[in-house]
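K.L.:
Once you've had a glance at the structure underneath, I'll fire off some questions.
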Amino acid sequence: MKVPERIVMNRRARGGNPLRGRLIFLVTRNIHKFNEARRVLAEYGIATAMLRMGTVEVQSDDLEEIARFRALNAVEKTGLPIIVEDAGLFVKALKGFPGPYSSYTYRTIGKNGILKLLENVENREAYFKSVIAYSSPEEPVRLFKGTVEGMISLKVKGSSGFGFDP
Numbered sequence: 063m064k065v066p067e068r069i070v071m072n073r074r075a076r077g078g079n080p081l082r083g084r085l086i087f088l089v090t091r092n093i094h095k096f097n098e099a100r101r102v103l104a105e106y107g108i109a110t111a112m113l114r115m116g117t118v119e120v121q122s123d124d125l126e127e128i129a130r131f132r133a134l135n136a137v138e139k140t141g142l143p144i145i146v147e148d149a150g151l152f153v154k155a156l157k158g159f160p161g162p163y164s165s166y167t168y169r170t171i172g173k174n175g176i177l178k179l180l181e182n183v184e185n186r187e188a189y190f191k192s193v194i195a196y197s198s199p200e201e202p203v204r205l206f207k208g209t210v211e212g213m214i215s216l217k218v219k220g221s222s223g224f225g226f227d228p
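The opening residue of the sequence shown carries number 63 in this note's numbering; numbering runs sequentially from there.
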């Protein structure tokens, strides 16, 4: 049963969480991403389960479009309430590259490849953007976005994550 929008709005106005007590499936094969999401969502009374499945990924330069498409695809395949996340590193001197292609770029040229592209480049400003899409069979897609600004270092540091994790 779909909850009327005015009731949902009233819950929000009172600080209520319409997803509290629900089980939502996070589509990912990354256990670290799942554990982080589970910890954060538990603070809001939302239970999560990991759903290891492939989704069709639309070829786009827009993280929001990619996340929306993946969420709708997963809901269509499963009939379950779904969360997907898409993220990327956007380097200003590289006109936003690698952006939504960050994972592919990391697998192909790696951290050292990004540093090579930035050799002799003074402006090393970058930002990491994450888009989370939630949808269910009864609800439209909702997008949640976050950005962390930073600088690309001159050398590789650290040994875990992608090397550009915020």
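Every residue, glycine too, gets a C-beta built ideally from N, C-alpha and C.
#1: According to DSSP, is Ala75 helix, strand or coil?
#2: First and last residue of the beta strand (DSSP E) that includes Gly208?
#3: What's the gap between the Cα of Lys95 and the Cα of Glu184?
#4: Assign Phe206 to one of two classes, buried (16 or more other C-beta atoms within 10 Å of its C-beta) or exposed (fewer than that).
#5: Taking the straight line between their C-alpha atoms, what separation do you get for Asn135 and Leu85?
#6: Compare the beta carbon distance of Thr117 and Leu88 with 8 Å and say whether it is the shorter of the two.
P.N.:
Reading it off the structure:
#1: By one-based count along the sequence shown, residue 75 stands at place 13. In this prediction, Ala75 scores a pLDDT of 41, lower than 50, which makes its location untrustworthy; the coordinate-derived value is nonetheless stated afterwards. Three-state DSSP puts Ala75 in a helix.
#2: Counted from its first residue, the sequence shown places residue 208 at position 146. Counting along the chain, the beta strand (DSSP E) containing Gly208 begins and ends at 201–213.
#3: For the purposes of this step, residue 95 is identified with residue 33 of the sequence shown, where counting begins at 1. For the purposes of this step, residue 184 is identified with residue 122 of the sequence shown, where counting begins at 1. Roughly 33 Å between the two C-alpha positions.
#4: What you label residue 206 is simply residue 144 of the sequence shown in a count that begins at 1. Flag for Phe206 reads exposed.
#5: Within the sequence shown, residue 135 is the residue found at index 73, counting from 1. Within the sequence shown, residue 85 is the residue found at index 23, counting from 1. Each residue's Cα considered, the two are about 19 Å apart.
#6: Counting from 1 along the sequence shown, the entry for residue 117 is found at position 55. Counting from 1 along the sequence shown, the entry for residue 88 is found at position 26. Cβ distance not < 8 Å, so Thr117 and Leu88 don't count as in contact.
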